[in-house]
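Encoded as structure tokens, the structure appears first; notes follow it.
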Amino acid sequence: MKFRNLAPLLLSISFASIQAFTVQAPSAITSIRSPTGTRSTSIHNILHAEPENENKFASNAKTISEAVSSLAGQTIVIKYGGNAMTSPELAKGFCEDIAALQKLGMRVVVVHGGGPQIKAMLEKVGVDSRFEGGMRVSSEEVVGVAEMVLCGTVNKQISSGICSAGGVAVGLSGRDADLLQCEKLLNKDGIDLGNVGDVKVVNTDLLNDLLDLGITPVVSPIGTGMGEEKDVAYNCNADVAAGRIAGELRASRVLFLTDIAGVLDKEMKLLKELSIQDVNDLIDDETITEGMIPKVTYATDAIKLGVKGAFITDGRVPHAVLNEILAGGAQGKGSGEGGTIITM
Ligand code: ADP
Ligand code: MG
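See below:
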């Protein structure tokens, strides 16, 4: 089944389901539109389609309805990063997807990165920084810039984008209400990363209260220190924050949007399905390096805590979120057209 070209259909189905099943906020719902800016494919056209298309539609609709019924009321954590954040078109599509999932009854938490935006601001203000093992080495000065960019501009762009798409989102920093409580992350090679945080405690009560109210929390990954370090701001890798939040919430799924097809082997071929053991082996033999390390490490951390599936998904694909969440049906195996699924 070809789902990649069906983003408008996915949106139209979520739009139709919303019309059928939701009684709240109809004016907000009508703002969910296809990427072309026109109202999604009309149900009239689908009903009057050629028999072949009609069957395709029925089969797609069945798959999607199975996904929706298996995920309604479930929590999904989405790490939003990479290209999906820097292209205005992809960003708009992302916000539409989150609003659609929310309206379909899923409890969605967004955790965002902002590497390119932080890099641009560090250059502007003339602060040096470098990466070690996919983590940005973070002096106090670097954390200050990261906090300004992530918790300021980037966080607000995302929460307001989701609201404009008809959803309800509230932006939060990991320092608000002790949402992400951190200790200094110790690099396994003994390199001092500065104030890079490892998330030890997540204020899941706050997240669940917001989710109960039908609100999508949009979390920027700046954490707070613990105990005597209460006033220290920690720079967390967004993959670390997303994986830990998913694990502590015992989410149904965690999805990492990135700027590559998924986890690749040494021949650059996509690895579609990986076990925790496979992931460890691929790190040991250096197939997985740099920014992919925190993704797979904290994806497996989440799975060990009970998250059923972790997806590393190509955020360059328009509407990647709806594709991965809805196109896999009840089995939740993703779109089947890209991305890596990590399971037990
Ligand atoms: P983001 O966190 O914004 O998604 P990162 O640059 O931190 O992006 O992480 C993704 C990058 O990880 C890829 O673009 C790629 O350069 C790198 N990478 C390292 N090893 C692998 C691998 N085995 N498969 C895929 N990407 C990998
Ligand atoms: Mg990264």
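Mind the numbering: the sequence shown is residues 1251 to 1594 in the working numbering, read in order. Note that beta-carbon positions come from the ideal geometry of N, C-alpha and C, so glycine has one too. Fair warning: this is a prediction, and the values are worked out from it, not measured in the lab.
Alpha-carbon to alpha-carbon, residue j and residue i
{"i": "residue 1452", "j": "residue 1325", "result": "15 Å"}
{"i": "residue 1514", "j": "residue 1521", "result": "6 Å"}
{"i": "residue 1355", "j": "residue 1379", "result": "42 Å"}
{"i": "residue 1507", "j": "residue 1534", "result": "24 Å"}
{"i": "residue 1398", "j": "residue 1371", "result": "9 Å"}
{"i": "residue 1322", "j": "residue 1352", "result": "9 Å"}
{"i": "residue 1464", "j": "residue 1492", "result": "20 Å"}
{"i": "residue 1366", "j": "residue 1426", "result": "24 Å"}
{"i": "residue 1347", "j": "residue 1571", "result": "6 Å"}
{"i": "residue 1422", "j": "residue 1537", "result": "35 Å"}
{"i": "residue 1446", "j": "residue 1391", "result": "12 Å"}
{"i": "residue 1337", "j": "residue 1592", "result": "27 Å"}
{"i": "residue 1551", "j": "residue 1497", "result": "7 Å"}
{"i": "residue 1556", "j": "residue 1530", "result": "18 Å"}
{"i": "residue 1307", "j": "residue 1577", "result": "12 Å"}
Buried versus exposed call for residue i [16 or more other C-beta atoms within 10 Å across all chains shown]
{"i": "residue 1573", "result": "buried"}
{"i": "residue 1319", "result": "exposed"}
{"i": "residue 1431", "result": "buried"}
{"i": "residue 1545", "result": "buried"}
{"i": "residue 1309", "result": "exposed"}
Residue from the options whose Cα sits closest to the Cα of residue i
{"i": "residue 1382", "options": "1560, 1539, 1576", "result": "1539"}
{"i": "residue 1679", "options": "1432, 1385, 1458", "result": "Given a span of 1251 to 1594 for the chain in the structure shown, any question on residue 1679 remains unanswerable."}
{"i": "residue 1517", "options": "1503, 1532, 1504, 1549", "result": "1532"}
{"i": "residue 1568", "options": "1329, 1308, 1345, 1313", "result": "1345"}
{"i": "residue 1459", "options": "1343, 1359, 1391, 1548", "result": "1359"}
{"i": "residue 1311", "options": "1592, 1579, 1375", "result": "1579"}
{"i": "residue 1565", "options": "1471, 1309, 1331", "result": "1331"}
{"i": "residue 1558", "options": "1542, 1547, 1581, 1541", "result": "1581"}
{"i": "residue 1523", "options": "1479, 1542, 1469, 1589", "result": "1589"}
{"i": "residue 1236", "options": "1369, 1401, 1563", "result": "Missing from the structure shown is residue 1236; the chain here goes from 1251 to 1594 and no further."}
{"i": "residue 1549", "options": "1500, 1519, 1577", "result": "1500"}
{"i": "residue 1526", "options": "1480, 1478, 1594, 1543", "result": "1594"}
Short Cβ contact (8 Å threshold) for residue i with residue j
{"i": "residue 1575", "j": "residue 1317", "result": "yes"}
{"i": "residue 1333", "j": "residue 1528", "result": "no"}
{"i": "residue 1561", "j": "residue 1494", "result": "no"}
{"i": "residue 1449", "j": "residue 1490", "result": "yes"}
{"i": "residue 1472", "j": "residue 1396", "result": "yes"}
{"i": "residue 1357", "j": "residue 1435", "result": "no"}
{"i": "residue 1227", "j": "residue 1511", "result": "What the structure shows of the chain is the stretch from 1251 to 1594, and residue 1227 is not part of that stretch, so it cannot be assessed."}
{"i": "residue 1483", "j": "residue 1375", "result": "no"}
{"i": "residue 1328", "j": "residue 1505", "result": "yes"}
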